[in-house]
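Going left to right, the sequence shown walks through residues 0 to 328 as numbering that gives the first Met the number 0 numbers them.
Here a beta-carbon is modelled for each residue, glycine too, at the ideal position from N, C-alpha and C.
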Amino acid sequence: MKKRLFAAAAALALGGAQASALDDLTLQLKWVTQAQFAGYYVALENGYYEEEGLNVTIKPGGPDIAPTQVIAGGGADVTVEWMPAALAAREKGLPLVNIAQPFKSSGMMLTCRKDAGVATTDDFKGKTLGVWFFGNEFPFLSWMSQLGIPTEGGSDGVEVLKQGFNVDPILQGQAACISTMTYNEYWQVIDAGLGADDLVVFKYEDQGVATLEDGLYVLEDKLGDAGEVDKLVRFVRASMKGWKYAEDNPDEAALIVLEYDETGAQTERHQKRMMGEIAKLTAGSNGALVPADFQRTVDTLLAGGSDPVITADPGDSAWTHAITDAALN
0 MKKRLFAAAA ALALGGAQAS ALDDLTLQLK WVTQAQFAGY YVALENGYYE EEGLNVTIKP
60 GGPDIAPTQV IAGGGADVTV EWMPAALAAR EKGLPLVNIA QPFKSSGMML TCRKDAGVAT
120 TDDFKGKTLG VWFFGNEFPF LSWMSQLGIP TEGGSDGVEV LKQGFNVDPI LQGQAACIST
180 MTYNEYWQVI DAGLGADDLV VFKYEDQGVA TLEDGLYVLE DKLGDAGEVD KLVRFVRASM
240 KGWKYAEDNP DEAALIVLEY DETGAQTERH QKRMMGEIAK LTAGSNGALV PADFQRTVDT
300 LLAGGSDPVI TADPGDSAWT HAITDAALN
């Protein structure tokens with residue numbers, strides 16, 4: 000990889016002592032290596048972390064990896080997580096704090112087949128809907144609660160299918176709708192042979208139930224340590240530099256991601272398309288969490304009927320501007 004060559008050259012130029020003085024920091028991703036996390040790989044590849052005196056290790060996620068469990072066990076300093084899962088974990092005793100929010104908009108959708116009889120949200124009743132779990136179900140359950148649609152099945156409710164990490168249920172007729180992201184699974188459905196005219200999509204943003212995705216979280220005790228805070232400030236500054244570079248150079252960013260995909264599972268076409276969609280979600284963010292977006296997320300989660308995602312507003316303790324204020328100034 001170019002990055003490894005860059006690092007080797009830097010080590011020779013700076014000398015072993017200075018090169019080893021870089022501060023270590025581990026980032027746990029929410030999912031596998033893909034353009035969803037391009038900003039971090041760009042920052043690593045382009046040397047932005049090293050410029051900030053950091054030796055950053057990026058740990059991919061996967062179907063058997065729960066970011067909150069990794070950070071709780073000390074396996075990472077920072078994790079990428081969706082806010083519903085982070086707030087749910089916080090209420091259960093894991094003191095996660097949002098230190099930055101690179102994603103301004105939500106990419107979550109429910110994608111439905113028109114030939115399954117779905118045209119509006121009223122048509123959900125009596126249908127089977129595919130839903131991701133492991134924390135990703137929270138926005139969906141809140142949405143159904145606001146619509147007044149039970150999730151235990153029946154003619155007036157919906158049957159919830161615990162969706163795996165593929166789009167087979169909609170292709171094989173097991174579900175009328177499935178969970179998709181604008182940058183990933185939706186295009187897998189298209190690539191499988193269904194056309195855009197065969198589908199109707201319900202974007203969580205358009206439905207008024209969008210919750211914040213892909214924020215950066217740390218354990219609260221790190222914010223009481225001046226040395227850790229300094230590292231986090233440098234990390235966020237370099238990461239946001241990587242994100243803005245990725246927005247401006249999406250094709251190059253996609254190729255960088257491919258270099259770090261050790262599985263070989265990703266393709267150039269898919270990653271370039273994904274990066275183009277991801278850039279729409281990070282656009283408008285300078286890294287600082289917008290309090291109104293936080294409150295919208297909280298309000299959506301509290302509107303969960305008899306089984307809400309969270310039972311109380313966590314207030315300002317669940318996020319901080321201290322890191323982004325320092326990183327941006």
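(request) In angstroms with no decimal places, state the Cα-to-Cα distance between R112 and H320. (result) 42 Å
(message) Taking the alpha carbon of V200 as the reference point, which residue from K58, D315, D122 and D213 has its own alpha carbon closest?
(response) D122
(message) Out of G61, V159, Y39 and I64, which one is the CA nearest neighbour of N54?
(response) Y39
(message) Pull the bridge partners of N54 from the DSSP assignment, please.
(response) D23
(message) Would F137 and L300 qualify as a contact pair, given that the criterion is a beta-carbon distance under 8 Å?
(response) yes
(request) Could I get the ranges of all uninterrupted beta strand (DSSP E) runs contained in the segment 116 to 192, with 3 residues as the minimum, in chain order? (result) 127 to 130, 158 to 161 and 176 to 180
(message) Looking at D292: is its Cβ nearer than 8 Å to the Cβ of L211?
(response) yes
(request) Return the first residue and the last residue of the alpha helix (DSSP H) that F234 is part of. (result) A225 to D247
(message) With three or more C-beta pairs closer than 8 Å as the rule, is the segment 241 to 250 touching the segment 142 to 152?
(response) no
(request) If I'm right that L327 touches G286 with Cβ under 8 Å, what's the distance once you round it to whole angstroms? (result) 7 Å
(message) What does the alpha-carbon distance come out to for the pair A7 and K202?
(response) At A7, the pLDDT of 39 sits below 50, so the modelled position is not reliable; the number obtained from the coordinates is stated separately. Between A7 and K202, the C-alpha separation is close to 45 Å.
(message) Please report the straight-line C-alpha distance between Q173 and A325, rounded to a whole angstrom.
(response) 50 Å
(request) Please name the residue or residues paired with F201 in a DSSP beta bridge. (result) L109
(request) Quick one: residues in its chain with C-beta nearer than 8 Å to the C-beta of G116, no 5 flanking neighbours on either side, listed in chain order? (result) D122, K126 and A175
(message) Alpha carbons only, please: which of K161, K221 and A34 is nearest the one belonging to Y259?
(response) A34
(message) Using a 10 Å radius around the Cβ and a threshold of 16 neighbouring Cβ atoms, would you call G15 buried or exposed?
(response) The predicted position of G15 is uncertain, since its pLDDT is 45 and thus under 50; a value taken from the coordinates is nonetheless stated next. Counting Cβ neighbours within 10 Å, G15 comes out exposed, since fewer than 16 surround it.
(request) Kindly indicate which three-state DSSP category T296 falls into: helix, strand or coil? (result) helix
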